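Residue numbers for the sequence shown follow our numbering, so the first one is 146 and each next one is one higher. For glycine and all other residues, C-beta sits at the position ideal for the given N, C-alpha and C. These numbers come from a predicted model, not from an experiment. Read the structure below first, then the notes.
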Amino acid sequence: MYVTLYASHPMLRKNGFCMTKTLLSPRDRILVALDVPALDEALALVHALRGHVGGFKVGLELCTSVGVPMVVAAISGAGGAIFLDLKFKDIPNTVASAVRVVATTMGASVRMLTLHTDGGSAMLAAAAGAVRNAGLLPPLLLGVTVLTSTDEVTLNEDLRVPGNVETHVVHLARIAQRAGLGGVVASPLEVAAIRAACGDELTIVTPGVRPSWATSDDQRRVMTPTEALRVGSDYLVIGRPITAPPVEIGGPAEAARRILRELETAM
Ligand code: C5P
146 MYVTLYASHP
156 MLRKNGFCMT
166 KTLLSPRDRI
176 LVALDVPALD
186 EALALVHALR
196 GHVGGFKVGL
206 ELCTSVGVPM
216 VVAAISGAGG
226 AIFLDLKFKD
236 IPNTVASAVR
246 VVATTMGASV
256 RMLTLHTDGG
266 SAMLAAAAGA
276 VRNAGLLPPL
286 LLGVTVLTST
296 DEVTLNEDLR
306 VPGNVETHVV
316 HLARIAQRAG
326 LGGVVASPLE
336 VAAIRAACGD
346 ELTIVTPGVR
356 PSWATSDDQR
366 RVMTPTEALR
376 VGSDYLVIGR
386 PITAPPVEIG
396 GPAEAARRIL
406 RELETAM
C-alpha cells in the first residue's frame, strides 16, 4: 500500500527529485558531481546549474572539508536536491545508525544515500530497515557495486573474488535488491546485465558518463549520456564534463544545457 502510493502519485516530488522513475524527465536524470573542496565553489555550481539538472552528488571531499549537516543545509537551502555519496560500510548496527541519522535529521533534503554492497546482506538489510522506519519520504538507498577503479585483476588477486567484474556486479546488485535497497550504482557497461537480472524496478545510477565532446579524464569505460539512458540507466552522474567543460563549450550551465538538449532529442 505504502509502496503503491509512493510509486503512483504523479505529483510526488521531494526537493526536486522526481520520485517515480517512469515520470523522470531528461533534466531529472542528470545529477552533477560536486567534486570540489569548498562550500562556496559548490554553491556557485548549484546556483548556475539548478535550473538545468535534477540534483547534486556530494561526497567525501566536500563533506570531510565542511561537515555533512552544513553541506546538506547549504545546498538544500540553495535549492539543490541532494545525492549524499558517503558510501557507508561497517557492521550492520553502525551503518543502520548512521543511515537513521541521515534519514531523520536530513531526510527532507537528502534524496539518495550510498552504501557499499560488499558490506553484505545483513548490513544492507539493517540499513533498509532503518530508512523504512524513518518517515514518509526517506532517502533512496543505493548500493555501490564494484567501483569503476576496480578491474578484473584487482578483483581476482587483491580481493580474491573469482570471475569477471560484470558477474560480480550483478551478484552484488541482486544482494542489494534482496536486502531491500531501492537501487544500485554501477558503470553504464553493466546496466543491461543488471536490468536482465533485477528487472525494471531497481533504480540504476551510473557515473562514467561522457558526452562525445568531453574528454574522458580518468574514466576508462564510458558511454555518452544518451547511450547510458538507452541501455537502462535511470540517473546519470556527471562531474567534470559539466563542472569543468572544454572551453569551446562555455561554462557549466552551457554544458548542462547541451547535455539536456542531447537527451531531449534522443528520448
Ligand atoms: O568527473 P566525473 O564525471 O568523472 O565524476 C564522476 C563522479 O562519480 C565522481 O564523483 C566519482 O567519484 C563518482 N563515481 C565514479 N565511479 C564509481 C562511483 C562513483 O566515477 N563507480
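>> Using C-beta distances below 6 Å, list every residue in its chain close to Leu334, excluding the 5 sequence neighbours before and after it, in chain order.
In response: Reading the sequence shown from its first residue, position 189 is the one you call residue 334. So the list reads Arg366, once near-sequence residues are dropped.
>> Extract the residue ranges of the alpha helix (DSSP H) inside the stretch 346-412, only unbroken runs of 4 or more that lie entirely within it.
In response: 370-375, 385-388 and 397-411
>> In this structure, how does DSSP classify His192 when only helix, strand and coil are distinguished?
In response: Reading the sequence shown from its first residue, position 47 is the one you call residue 192. DSSP places His192 in helix when its eight states are reduced to three.
> Which residue or residues does DSSP assign as beta-bridge partners of Ala337?
Replying inline: By one-based count along the sequence shown, residue 337 stands at place 192. DSSP lists no partner for Ala337.
> Is Arg385 near the ligand C5P, with its Cβ less than 6 Å from a heavy atom?
Replying inline: Translated into positions along the sequence shown, residue 385 becomes position 240. Yes, Cβ of Arg385 sits closer than 6 Å to a heavy atom of the ligand C5P.
> Are the CB atoms of Val382 and Ala178 nearer to each other than 7 Å?
Replying inline: Position 237 of the sequence shown holds residue 382. Position 33 of the sequence shown holds residue 178. Yes, the pair counts as a contact, with Cβ atoms nearer than the cut-off.
> Among the residues of its own chain, which have a CB less than 8 Å from the CB of Gly252, if the five just before and after it don't count?
Replying inline: One-based indexing of the sequence shown puts residue 252 at position 107. Within the same chain, Gly252 has close Cβ partners Ala279, Gly280, Leu282, Pro283 and Pro284.
>> Bridge partners for Thr259 per DSSP, in chain order?
In response: Position 114 of the sequence shown holds residue 259. Paired residues: Leu287.
>> Can you list, in chain order, the residues of its chain with a C-beta nearer than 7 Å to that of Met156? Leave out the 5 residues immediately preceding and following it.
In response: In the sequence shown, the residue the question calls residue 156 occupies position 11. Here the model assigns Met156 a pLDDT of 42, short of 50, so the residue's position is not dependable, and the following value carries that caveat. Excluding sequence neighbours, Met156 sits near nothing in its chain.
>> Buried or exposed, going by whether 16 or more other CB atoms sit within 10 Å of the CB of Ala183?
In response: Taking the sequence shown and counting its residues from 1, the one referred to as residue 183 is at position 38. When all chains shown are included, Ala183 counts as exposed.
>> So for Gly264, helix, strand or coil by DSSP?
In response: In the sequence shown, the residue the question calls residue 264 occupies position 119. Of the three classes helix, strand and coil, the one that applies to Gly264 here is helix, per DSSP.
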